[in-house]
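As given, the protein sequences belong to chains B and R, one line each in that order. For the first sequence, the working numbering gives the first residue as 1, with consecutive numbering after it. For the second sequence, the working numbering gives the first residue as 111, with consecutive numbering after it. All C-beta atoms, glycine included, are put in the ideal place defined by N, C-alpha and C. Since the model is a prediction, treat every value here as computed from it, not as a measurement.
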Amino acid sequence: GESVGLHLPTLSVQEGDNSIINCAYSNSASDYFIWYKQESGKGPQFIIDIRSNMDKRQGQRVTVLLNKTVKHLSLQIAATQPGDSAVYFCAENTGNQFYFGTGTSLTVIP
Amino acid sequence: GAGVSQSPRYKVAKRGQDVALRCDPISGHVSLFWYQQALGQGPEFLTYFQNEAQLDKSGLPSDRFFAERPEGSVSTLKIQRTQKEDSAVYLCASSLGTGGHTEAFFGQGTRLTVV
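Rendered as structure tokens:
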């Protein structure tokens, strides 16, 4: 089956610095990807998405990069704030299912 | 409603007991998903509905798990004869479109603990 994994399970950054969270996926047929943020006790919250016909997409303080050649996604968060502390998941879509990785726990140090 | 609503938020069940978990999706959303999330893990797909039709149930771990969405809106996930390994957070998500290529909105989940 498909697998979506994250390179680093934990990441600590200083407030104000930029954060980069990486994700590898294995199914080359996946054509839609979403980054979710999950705070403790809450459901995953949509951050940004990207389709496979794009390499880059920008939102407010966030940028997602997609490298289909090496099947890699990254989420960049600019000027990281304490409220960004959470677990971040990438999810790939194939057919009707979204496949999630294990997640990266981001801690922002004030 | 404003978002996906799940109830109860917490459920403690004795092993062998049957449980029913409810999901109220966003009004008008065609697609509905159920996921199981173990502690420290990402959500794992259980099943998918398009309106009232259950199009994919490949993720249901055993025949003790059953989901329905009879009127294409509210959905119920039922687990019969619960086991300790069923302890997890059960997440429901809905999306406006079909085929998975649209944003899925998640509820807060139901935390099931089987003792």
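C-alpha distance - residue i paired with residue j, whole-angstrom precision
{"i": "Asn-27 of chain B", "j": "His-72 of chain B", "result": "11 Å"}
{"i": "Val-129 of chain R", "j": "Thr-157 of chain R", "result": "17 Å"}
{"i": "Glu-39 of chain B", "j": "Ile-47 of chain B", "result": "13 Å"}
{"i": "Phe-176 of chain R", "j": "Ser-12 of chain B", "result": "40 Å"}
{"i": "Thr-223 of chain R", "j": "Asn-53 of chain B", "result": "42 Å"}
{"i": "Asn-93 of chain B", "j": "Leu-149 of chain R", "result": "23 Å"}
{"i": "Asn-67 of chain B", "j": "Asn-22 of chain B", "result": "11 Å"}
{"i": "Ser-30 of chain B", "j": "Phe-215 of chain R", "result": "20 Å"}
{"i": "Gln-218 of chain R", "j": "Lys-167 of chain R", "result": "22 Å"}
{"i": "Ser-3 of chain B", "j": "Cys-90 of chain B", "result": "In this prediction, Ser-3 of chain B scores a pLDDT of 45, lower than 50, which makes its location untrustworthy; the coordinate-derived value is nonetheless stated afterwards. Approximately 11 Å between the Cα atoms of the pair."}
{"i": "Gly-207 of chain R", "j": "Ser-172 of chain R", "result": "28 Å"}
{"i": "Ala-163 of chain R", "j": "Ile-136 of chain R", "result": "17 Å"}
{"i": "Gly-169 of chain R", "j": "Ser-183 of chain R", "result": "21 Å"}
{"i": "Phe-100 of chain B", "j": "Tyr-88 of chain B", "result": "10 Å"}
{"i": "Leu-131 of chain R", "j": "Thr-212 of chain R", "result": "25 Å"}
{"i": "Arg-51 of chain B", "j": "Val-122 of chain R", "result": "40 Å"}
{"i": "Gly-95 of chain B", "j": "Lys-42 of chain B", "result": "26 Å"}
{"i": "Thr-80 of chain B", "j": "Gln-14 of chain B", "result": "8 Å"}
{"i": "Asn-18 of chain B", "j": "Phe-98 of chain B", "result": "27 Å"}
{"i": "Ser-74 of chain B", "j": "Leu-165 of chain R", "result": "31 Å"}
{"i": "Thr-69 of chain B", "j": "Gln-127 of chain R", "result": "49 Å"}
{"i": "Tyr-145 of chain R", "j": "Leu-201 of chain R", "result": "5 Å"}
{"i": "Gly-113 of chain R", "j": "Lys-37 of chain B", "result": "16 Å"}
{"i": "Leu-65 of chain B", "j": "Glu-181 of chain R", "result": "40 Å"}
{"i": "Arg-57 of chain B", "j": "Arg-221 of chain R", "result": "34 Å"}
Beta carbon of residue i nearer than 9 Å to that of residue j
{"i": "Gln-76 of chain B", "j": "Ile-34 of chain B", "result": "no"}
{"i": "Gln-151 of chain R", "j": "Gly-16 of chain B", "result": "no"}
{"i": "Arg-61 of chain B", "j": "Ala-78 of chain B", "result": "yes"}
{"i": "Val-225 of chain R", "j": "Arg-125 of chain R", "result": "yes"}
{"i": "Glu-174 of chain R", "j": "Ile-189 of chain R", "result": "According to the sequence provided, residue 174 of chain R is Arg. The question's Glu does not apply to it. Taking 9 Å as the Cβ cut-off, Arg-174 of chain R and Ile-189 of chain R qualify as a contacting pair."}
{"i": "Gln-160 of chain R", "j": "Glu-154 of chain R", "result": "no"}
{"i": "Tyr-49 of chain B", "j": "Tyr-25 of chain B", "result": "Per the sequence shown, residue 49 of chain B should be read as Asp rather than Tyr. For Asp-49 of chain B and Tyr-25 of chain B, no; Cβs fall outside 9 Å."}
{"i": "Cys-133 of chain R", "j": "Thr-186 of chain R", "result": "yes"}
{"i": "Ala-203 of chain R", "j": "Pro-44 of chain B", "result": "yes"}
{"i": "Ser-205 of chain R", "j": "Ser-115 of chain R", "result": "no"}
Simplified DSSP state of residue i, which is helix, strand or coil
{"i": "Glu-213 of chain R", "result": "coil"}
{"i": "Lys-194 of chain R", "result": "helix"}
{"i": "Asp-84 of chain B", "result": "helix"}
{"i": "Asp-31 of chain B", "result": "coil"}
{"i": "Gln-218 of chain R", "result": "coil"}
{"i": "Glu-92 of chain B", "result": "strand"}
{"i": "Asn-18 of chain B", "result": "coil"}
{"i": "Leu-75 of chain B", "result": "strand"}
{"i": "Gln-60 of chain B", "result": "coil"}
Contact the region 186 to 206 of chain R vs the region 99 to 110 of chain B: 3+ CB pairs below 8 Å: Judged by Cβ distances under 8 Å, the region 186 to 206 of chain R makes no contact with the region 99 to 110 of chain B, as fewer than three pairs qualify.
Any beta strand (DSSP E) of 3 or more consecutive residues that is wholly inside the region 116 to 185 of chain R: Qualifying beta strand (DSSP E) stretches, in chain order: 120 to 123, 129 to 134, 141 to 147, 154 to 160, 163 to 166 and 175 to 178.
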